[in-house]
Amino acid sequence: MTMTPHVDVRGLCVTVRAPDGSPLRIVDNVSFAIPRSEVLALIGESGSGKTTIALSLMGYARGGARISGQITVGEATLDGAGDKGLAAQRGHRITYVAQSAAAAFNPSRRVIEQVIEPALIHGTATDAQARARAVELFAALALPNPQTIGSRYPHELSGGQLQRLMAAMALITRPDLVIFDEPTTALDVTTQVEVLQAFRKVVREQGATGVYVSHDLAVVAQMADQVLVLNRGTVREQNAVRAVLEAPADDYTRTLLAAAQPVLKTVVPVAVKPAPLLSISGIHAGYGSIDRQGRPAHPVLSDVSLTVPRGGAVGVIGESGSGKSTVARVVAGLLAPTAGEVVLDGQTLAASLSERGREELRRIQIVFQNADVALNPAHSVGDILGRVLRFYHGMSGRAATARVAELLDLIRLPSAVAGRRCDELSGGQKQRVNLARALAANPDVILCDEVTSALDTVVREAILDLLAELRRDLGVAYLFISHDIATVKALCDEIVVLYKGTRVESGQSGTYNAPPYHPYTDLLISSVPELRTDWLSGVGPKATPQLGAVTDDAGLCRFLPRCPVAIAGRCDTSPPPLRLMDAGNAVLCHRTESELAH
Amino acid sequence: MSGAPSVSAWRGPIRLVGKRIGLALITLLLVSAVVFTISGLLPGDAAQEVLGQGATPEQVAALRHEMGLDRPAAVRYFEWLAAIAAGDPGNSIVANKPVADIISERLPNTLTLAGLTTVFAVPFAFLVGIWSAVTRGRATDRSLNIMTLAMVALPEFLVATIAVMVFSVKLLWLPSITIVPQDPTLGEFLRAYALPVMVLGVGVIAQLSRMIRAAIIAELDRPYVEMARLKGVSQARLIVRHVLPNAVGPIANAMALSLSYLFGGAIIVETIFSYPGLASLMVNAVTSRDMPLLQACAMIFCAAYLLLVLIADTVAILANPRLRQG
Numbered sequence: 001m002t003m004t005p006h007v008d009v010r011g012l013c014v015t016v017r018a019p020d021g022s023p024l025r026i027v028d029n030v031s032f033a034i035p036r037s038e039v040l041a042l043i044g045e046s047g048s049g050k051t052t053i054a055l056s057l058m059g060y061a062r063g064g065a066r067i068s069g070q071i072t073v074g075e076a077t078l079d080g081a082g083d084k085g086l087a088a089q090r091g092h093r094i095t096y097v098a099q100s101a102a103a104a105f106n107p108s109r110r111v112i113e114q115v116i117e118p119a120l121i122h123g124t125a126t127d128a129q130a131r132a133r134a135v136e137l138f139a140a141l142a143l144p145n146p147q148t149i150g151s152r153y154p155h156e157l158s159g160g161q162l163q164r165l166m167a168a169m170a171l172i173t174r175p176d177l178v179i180f181d182e183p184t185t186a187l188d189v190t191t192q193v194e195v196l197q198a199f200r201k202v203v204r205e206q207g208a209t210g211v212y213v214s215h216d217l218a219v220v221a222q223m224a225d226q227v228l229v230l231n232r233g234t235v236r237e238q239n240a241v242r243a244v245l246e247a248p249a250d251d252y253t254r255t256l257l258a259a260a261q262p263v264l265k266t267v268v269p270v271a272v273k274p275a276p277l278l279s280i281s282g283i284h285a286g287y288g289s290i291d292r293q294g295r296p297a298h299p300v301l302s303d304v305s306l307t308v309p310r311g312g313a314v315g316v317i318g319e320s321g322s323g324k325s326t327v328a329r330v331v332a333g334l335l336a337p338t339a340g341e342v343v344l345d346g347q348t349l350a351a352s353l354s355e356r357g358r359e360e361l362r363r364i365q366i367v368f369q370n371a372d373v374a375l376n377p378a379h380s381v382g383d384i385l386g387r388v389l390r391f392y393h394g395m396s397g398r399a400a401t402a403r404v405a406e407l408l409d410l411i412r413l414p415s416a417v418a419g420r421r422c423d424e425l426s427g428g429q430k431q432r433v434n435l436a437r438a439l440a441a442n443p444d445v446i447l448c449d450e451v452t453s454a455l456d457t458v459v460r461e462a463i464l465d466l467l468a469e470l471r472r473d474l475g476v477a478y479l480f481i482s483h484d485i486a487t488v489k490a491l492c493d494e495i496v497v498l499y500k501g502t503r504v505e506s507g508q509s510g511t512y513n514a515p516p517y518h519p520y521t522d523l524l525i526s527s528v529p530e531l532r533t534d535w536l537s538g539v540g541p542k543a544t545p546q547l548g549a550v551t552d553d554a555g556l557c558r559f560l561p562r563c564p565v566a567i568a569g570r571c572d573t574s575p576p577p578l579r580l581m582d583a584g585n586a587v588l589c590h591r592t593e594s595e596l597a598h
Numbered sequence: 001m002s003g004a005p006s007v008s009a010w011r012g013p014i015r016l017v018g019k020r021i022g023l024a025l026i027t028l029l030l031v032s033a034v035v036f037t038i039s040g041l042l043p044g045d046a047a048q049e050v051l052g053q054g055a056t057p058e059q060v061a062a063l064r065h066e067m068g069l070d071r072p073a074a075v076r077y078f079e080w081l082a083a084i085a086a087g088d089p090g091n092s093i094v095a096n097k098p099v100a101d102i103i104s105e106r107l108p109n110t111l112t113l114a115g116l117t118t119v120f121a122v123p124f125a126f127l128v129g130i131w132s133a134v135t136r137g138r139a140t141d142r143s144l145n146i147m148t149l150a151m152v153a154l155p156e157f158l159v160a161t162i163a164v165m166v167f168s169v170k171l172l173w174l175p176s177i178t179i180v181p182q183d184p185t186l187g188e189f190l191r192a193y194a195l196p197v198m199v200l201g202v203g204v205i206a207q208l209s210r211m212i213r214a215a216i217i218a219e220l221d222r223p224y225v226e227m228a229r230l231k232g233v234s235q236a237r238l239i240v241r242h243v244l245p246n247a248v249g250p251i252a253n254a255m256a257l258s259l260s261y262l263f264g265g266a267i268i269v270e271t272i273f274s275y276p277g278l279a280s281l282m283v284n285a286v287t288s289r290d291m292p293l294l295q296a297c298a299m300i301f302c303a304a305y306l307l308l309v310l311i312a313d314t315v316a317i318l319a320n321p322r323l324r325q326g
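Quick note, the sequences are listed as chains A and B, same order.
Under this note's numbering, the first residue of the first sequence is numbered 1, with each subsequent residue one higher.
Under this note's numbering, the first residue of the second sequence is numbered 1, with each subsequent residue one higher.
Structure follows, in structure tokens:
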């Protein structure tokens with residue numbers, strides 16, 4: 001190893017123009033160095049400047065921002081390199097893996113053309129050499145059919161595959177520096193493990209120097225050697241990853257660490273035998289035209305049942321495609337189920353929204369993941385809440401103003417926020433307003449659809465605490481939908497696990513602390529990265545037993561193709577029974593309690 | 001690379017395009033009914049027009065009977081439809097010769113004018129649209145915007161008049177009416193067409209370049225463009241290899257709209273430059289109540305429009321891998 005660092009950044013500042021025209025530093029005097037073949041993680045909340053710093057390593061600034069300071073990567077000095085000089089570095093000596101590969105690949109060109117493009121435009125390889133190297137990288141990244149996968153178009157590939165293909169594109173020119181910008185944030189936990197393992201293997205094999213941008217300390221712990229903790233564009237702490245995890249020197253680092261494992265301060269007493277408030281039973285639902293047997297063209301949910309007690313919190317968990325959001329849509333009446341019923345307080349609700357009465361609508365409110373989309377940016381917070389008050393309670397004038405102030409107090413925002421427009425608020429504040437909009441109706445139950453998924457860990461913890469407080473103080477019940485088992489365990493009394501539209505497990509939150517649980521639940525829990533550096537090496541993809549060709553029979557276990565403990569001759573021939581475990585959780589599996597316990 | 005696509009890979013797009021063709025045929029049928037009905041509603045009729053104001057009602061009725069105008073509308077419609085489908089739109093009542101002959105005299109003229117204007121205006125529009133899009137918000141873009149807006153806003157007769165004043169009256173460079181000599185040399189040919197093509201082109205360039213600009217800007221904001229820049233892709237390659245393939249759909253549709261205008265909307269240019277094209281033929285047919293000719297012209301314009309839109313849709317389907325793979 002040479003004495004001079006491979007990447008050297010000194011006094012980096014990035015300046016944008018504030019709305020009033022004055023210059024505003026979003027990155028302020030950041031310096032760091034990375035030795036060859038090491039990975040530095042940039043970690044912080046959104047707005048910490050981590051992506052801005054990463055992009056400035058390519059001399060690239062979004063939206064007309066200005067970069068100043070000294071940036072050296074390998075032999076090249078980037079400051080003052082000019083557009084031509086920078087273009088020669090980008091995609092050649094310094095490469096980039098974007099957060100959402102699904103959006104960053106050009107939809108109308110074949111993947112292979114895009115993967116080898118950097119090598120061709122920078123002249124590092126002939127077409128044939130580049131294709132050969134791409135296939136090698138595809139294989140190294142554990143992509144299926146490395147010879148032919150490149151000839152597909154982006155829409156034919158999954159998010160996890162595209163993310164790995166993008167890594168191949170970044171490595172094709174054997175760069176000095178690879179920048180990973182939150183490359184697994186958009187993926188399911190189970191996919192994230194596979195992608196992280198592929199990345200780590202290939203980064204080590206290639207001896208690449210890397211910058212890894214993330215808000216997730218546990219992910220960073222697997223990927224990085226050094227960590228740079230950022231807050232509002234300044235460096236809070238820089239140290240080896242183990243030191244940061246075990247002995248954080250800065251308060252802000254400690255906040256981040258604490259938020260990584262949500263533990264709620266608010267304790268909600270649970271009634272011994274709570275009365276059922278909302279129950280759905282035998283729900284079948286899907287999208288597309290409905291055939292003569294009453295089955296939709298694209299079935300999503302099959303025979304899903306669950307009960308939310310009065311004042312209770314029930315979590316629904318599963319990966320994308322599990323149908324968890326469809327459950328909320330069915331309960332809210334946005335999607336009429338093809339079979340089954342939704343019962344609120346003993347009364348069966350009409351299947352579709354238009355046939356439900358206003359009072360029924362009021363009692364069930366839904367809060368969506370993305371407050372940016374759900375709240376009209378042209379309206380003030382007062383307007384948004386006032387509209388709900390007028391619609392459901394006929395309130396107006398002074399009474400409405402007073403109630404708006406009360407609601408804002410409930411969600412811990414100053415009453416002055418009522419006069420502000422939503423686009424002037426931060427992400428966390430917007431999500432609070434989104435929640436207040438639901439509370440304004442005085443609902444019995446709130447359907448929370450991934451309400452914390454788009455938030456940073458620190459903000460997420462605050463919102464979860466708020467949800468617990470509201471439940472304790474107002475007695476409102478939650479149907480809480482999330483892909484994050486840690487969040488669900490922190491907030492909910494009871495958890496339902498969905499896999500491809502079937503309920504594979506249900507039970508009290510406590511039963512998810514230790515086996516026995518369903519093999520899929522086991523996969524979900526073991527895929528959540530832990531705050532130790534050796535975690536990723538310990539989780540291997542378990543081999544799935546060889547089974548004969550399985551017909552797509554609705555009765556069989558849906559998890560069968562991925563199940564590591566499937567029993568040939570049983571799981572592929574008969575539907576799994578629902579087993580009640582000693583701890584009280586019900587598991588849909590052929591395996592017995594003692595077999596599932598380890 | 002994948003090998004040649006198998007037959008089944010084309011089933012999706014063939015089905016989609018087939019559907020579009022079917023829809024176009026149905027539209028054409030509906031249009032024929034509308035054209036036939038509307039032309040029947042025009043005040044006066046051909047018999048009246050032929051005989052003049054002095055004719056007695058008996059004379060008019062006799063001629064109407066002779067021309068078959070007194071039979072039920074439905075009968076006449078289906079007869080006409082069958083004839084026009086067989087390629088014979090009947091006889092011109094006024095000129096007393098087959099409509100097909102009259103149209104075949106004029107159609108090449110219109111096609112030549114439209115073709116020349118397309119060749120001149122489309123590359124120009126691409127240039128302006130792309131240049132404007134990549135300099136978005138800067139001085140170049142703003143001046144191009146003002147220019148194209150002014151060009152859209154200027155009425156055609158004004159552009160034509162100014163062009164004639166400048167190039168024919170003052171500079172004496174170009175003829176003010178378009179007469180193409182027999183067996184022209186290339187120079188004569190281009191000189192004859194220069195002014196009408198310029199005037200028609202102004203409108204097409206202005207509209208098309210604005211739509212191309214909008215289509216490209218919509219693409220430039222997408223994440224794959226930033227990714228391409230971070231790969232070190234040059235500006236030219238970015239536009240040609242990354243952006244344009246994704247903007248083909250909207251651009252093809254914008255072109256279909258602009259070019260269909262060249263077909264039927266060139267009336268002012270044809271009149272000012274005394275150019276014998278289809279648009280002026282149709283206007284003459286209206287004023288002389290020459291229904292067979294009017295109906296044939298209307299059907300040709302409509303068919304041309306539907307054909308252009310069909311081509312645009314097909315191009316858009318073939319350019320989009322999702323649609324292409326059905």
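Here a beta-carbon is modelled for each residue, glycine too, at the ideal position from N, C-alpha and C.
Any non-hydrogen atom of the ligand NAD within 6 Å of Ser258(B) CB: With respect to small molecules bound, the structure shown includes none, and the ligand NAD cannot be examined in it.
The stretch 300–309 of chain A touching the stretch 236–255 of chain A, judged by at least three CB pairs closer than 8 Å: no
Cutoff 7 Å: Pro245(B) Cβ touching any chain A Cβ: yes
Residue-level contact to chain B via CB, Tyr96(A), 7 Å cutoff: yes
Alpha helix (DSSP H) segment containing Val315(B), residue limits: Where Val315(B) is concerned, the enclosing alpha helix (DSSP H) stretches over Met291 to Ala319.
Buried versus exposed, by CB contacts within 10 Å (16 or more), Val497(A): buried
Outcome for Lys19(B) when other beta-carbon atoms lying within 10 angstroms are tallied against a minimum of 16: exposed
Buried or exposed (CB count within 10 angstroms, at least 16 for buried), Trp173(B): exposed
Outcome for Gly3(B) when other beta-carbon atoms lying within 10 angstroms are tallied against a minimum of 16: Unreliable positioning characterises Gly3(B) in this predicted model, as indicated by a pLDDT of 43, which lies under 50. The coordinate reading is nonetheless provided below. Exposed: under 16 other Cβ atoms inside 10 Å.
Inter-residue Cα distance where the pair is Thr2(A) and Val241(A): Below a pLDDT of 50, predicted positions are generally treated as unreliable, and Thr2(A), at 47, falls in that range; no measurement from the model is reported.
Selection from Ala266(B), Gln182(B) and Ala279(B) that minimises the alpha carbon distance to Pro155(B): Among Ala266(B), Gln182(B) and Ala279(B), the Cα nearest to that of Pro155(B) is on Ala266(B).
Buried or exposed (CB count within 10 angstroms, at least 16 for buried), Gln235(B): Exposed, since its Cβ has fewer than 16 Cβ neighbours within 10 Å.
Gln192(A) - containing alpha helix (DSSP H), residue span: First-last of the alpha helix (DSSP H) with Gln192(A): Val189 to Gln206.
Of the residues Pro57(B), Phe78(B), Arg136(B) and Arg322(B), the one placed nearest Ser32(B), counting alpha carbons only: Phe78(B)
Cutoff 8 Å; reference Leu375(A); Cβ partners in own chain excluding five residues on either side: Contacts found: Ile384, Cys422, Lys430, Val433, Asn434 and Arg437.
Nearest-angstrom Cβ-Cβ length linking Ile179(A) and Ile116(A), presumed shorter than 8 Å: So it is not a contact: roughly 20 Å between Cβ atoms.
Same chain only: Cβ atoms within 6 Å of Glu355(A), ignoring 5 sequence neighbours per side: none
Cross-chain neighbours of Ala97(B) in chain A, by beta carbon under 8 Å: Per the sequence shown, the amino acid found at residue 97(B) is Lys instead of Ala. What Lys97(B) touches in chain A: nothing, since even the nearest Cβ is about 52 Å away.
Collapsed DSSP secondary structure at Asn29(A) in the structure displayed: strand
Pick from Arg232(A), Val30(A), Gly321(A) and Leu278(A) that is closest to Asp345(A), judged by C-alpha positions: Considering only Arg232(A), Val30(A), Gly321(A) and Leu278(A), the residue with the shortest C-alpha distance to Asp345(A) is Leu278(A).
Simplified DSSP assignment, three categories, for Tyr212(A): strand
Sub-7 Å separation of Arg93(A) and Asp8(A) beta-carbons: no
7 Å Cβ shell around Ala275(A) - same chain, five flanking residues per side excluded: Pro309 and Arg310
N-terminal and C-terminal residue of the alpha helix (DSSP H) that Asn231(A) is part of: Unbroken run through Asn231(A) is the beta strand (DSSP E), Gln226 to Asn231; no alpha helix (DSSP H).
Chain A residues whose Cβ lies nearer than 8 Å to that of Met224(B): Checking the displayed sequence, the identity of residue 224(B) turns out to be Tyr instead of Met. Going along chain A in sequence order, the residues near Tyr224(B) (Cβ under 8 Å) are Ala103, Ala104, Phe105, Asn106 and Pro107.
Beta-carbon contacts of Leu281(B) that lie in its chain and below 8 Å, excluding the five residues immediately before and after: Ile102, Ile103, Arg106, Leu293 and Cys297
Helix, strand or coil at Asp20(A) [DSSP, three-state]: coil
Three-state secondary structure assigned by DSSP to Ile102(B): helix
Which of helix, strand or coil DSSP assigns to Asn246(B): helix
Selected residue, minimal CA-CA separation from Ser92(B), among Met198(B), Ser288(B) and Pro321(B): Ser288(B)
Beta-ladder partner(s) of Phe167(B), from DSSP: Per DSSP, none; premise fails for Phe167(B).
Cβ contact (3+ pairs, closer than 8 Å) linking the stretch 307–318 of chain B and the stretch 247–260 of chain B: yes
Per-residue contacts from Leu16(B) into chain A (C-beta, under 7 Å): Neighbourhood of Leu16(B) in chain A, by CB distance below 7 Å: empty, with the nearest CB roughly 16 Å away.
Whole-angstrom distance between Arg403(A) and Ala139(B), CA atom to CA atom: 51 Å
Rounded C-alpha distance that separates Arg472(A) from Leu407(A): 16 Å
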